[in-house]
Amino acid sequence: MLLKSIASEADSLVLDLEDAVIPEHKIQTRRTIAEWLRDIDFDHKEVTVRINPLNTPWGFDDLKETMENPPDAYLVPKPNHLNDLDLIDTELTQLERLYGHPRRSVGLILIANETPQGALNLPTFGACPRIAAMSWGAEDLSAALGAPRNRNEHADYLSVYEYCRQQTLLCAVATGVQPIDSVYVDLGNQQAFERECHEGASLGFTGKLTIHPDQIPPVNAAFTPNDTDVDTAQRLLKAFEKAQSEGKLAFRFEGQMVDAPHIKRARSLLQRASQAGVPI
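Just so we're aligned, residue 1 is where the sequence shown starts under full-length UniProt numbering, counting upward by one.
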């Protein structure tokens with residue numbers, strides 16, 4: 001399974017110590033992951049370890065036992081308060097010093113509002129300097145709320161979960177980190193999954209968590225700018241250069257009035273395309 005994951009088209013791999021591991025197996029699984037981090041060639045993929053929450057017997061030990069050969073980041077589930085992140089930051093700083101790693105070289109990716117407390121405190125989380133990205137989790141949040149479901153009959157999120165989704169997007173962008181959309185768990189509804197991927201990309205999310213290899217190609221297709229998008233962005237920037245030379249900052253482009261926000265979006269799209277290996 002690990003080798004198949006490494007060979008996949010995923011940008012990042014998550015080595016899970018939380019929900020995928022029963023309590024009786026957590027210590028041995030942690031040892032196995034520490035060995036993988038030491039011995040396995042992940043072929044330049046970003047590697048993330050999903051730790052257990054700090055209020056469990058395993059959370060801090062998950063950090064201590066995997067930092068000698070550290071992952072690129074830790075996926076932090078169920079943070080309730082900024083203090084949770086500060087405690088992790090302090091622990092990682094000490095471990096980086098112990099093992100000779102550069103300070104704050106290991107990032108944090110938050111599953112930021114899996115609890116009601118986390119959802120309410122999310123705007124404060126950006127004060128932690130180690131955050132690299134924010135995601136969110138409808139499944140744990142609905143369990144915490146005691147809700148029997150989190151989607152309607154059309155497979156769209158119910159209002160409180162859509163609010164948390166948009167809150168994550170806004171807080172991540174305001175913090176200057178990557179906003180990553182949550183998992184889609186209904187593996188039998190491919191049409192709704194693909195629709196949600198494209199909707200997330202249109203909103204401004206830069207990626208999406210997956211739970212099955214078959215989900216990776218649709219995610220990559222939705223979040224990678226296509227040739228048409230790249231061509232349009234390039235033509236817009238070329239038209240902008242011409243407009244600037246004429247002393248204009250707002251101008252007509254292919255039937256629309258465009259100005260500074262459109263130029264910013266075009267530059268951002270080309271940057272994402274370049275990072276994804278799309279020819280520019």
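Note that CB positions come from ideal geometry on N, CA and C, so glycine has one too.
Give me the Cα-Cα distance between His212 and Glu241, rounded to the nearest whole angstrom. 44 angstroms
Mind checking which residues open and close the alpha helix (DSSP H) that includes Asp84? 82-99
How would you write the range of the alpha helix (DSSP H) that Ile180 sits in, first residue to last? Unbroken run through Ile180 is the beta strand (DSSP E), 178-181; no alpha helix (DSSP H).
Hey, Ile88 and Tyr74: beta-carbon distance below 9 angstroms or not? Yes, the pair counts as a contact, with Cβ atoms nearer than the cut-off.
For a test of the three-state rule: what should DSSP assign to Arg272, helix, strand or coil? helix
Where do the N-terminal and C-terminal ends of the beta strand (DSSP E) with Ser135 fall, by residue? 131-135
Compute the Euclidean distance between the alpha carbons of residue 289 and Gly255, then round it to the nearest angstrom. Nothing about residue 289 can be reported from this structure: the residues present for the chain run from 1 to 280 only.
In three-state DSSP terms, what is Pro261? Helix.
Where does Gly255 fall in DSSP's three states? coil
Pick out whichever of Ile22, Asp43, Leu145 has its Cα sitting closest to the Cα of Trp58. Ile22
Buried versus exposed, by CB contacts within 10 Å (16 or more), residue 345: In the structure as shown, the chain begins at 1 and stops at 280. Residue 345 is therefore absent and cannot be evaluated.
Bounding residues of the alpha helix (DSSP H) (the contiguous stretch that carries Arg50): No alpha helix (DSSP H) contains Arg50, which is instead part of the beta strand (DSSP E) from 46-50.
Cβ neighbour criterion (16 or more within 10 Å) applied to Val230: buried
List the endpoints of the continuous beta strand (DSSP E) containing Ser105. Premise fails: Ser105 is in no beta strand (DSSP E) and is neither H nor E.
Assign Ser135 to buried or exposed, taking buried as 16 or more other Cβ atoms, counted over all protein chains shown, within 10 Å of its Cβ. buried
Closest Cα partner of Ala143 within the set Tyr161, Ile6, Ala20: The shortest C-alpha separation from Ala143 is found at Tyr161.
Do residue 283 and Glu114 have their C-beta atoms closer together than 9 angstroms? Since the first and last residues shown for the chain are 1 and 280, residue 283 lies out of range.
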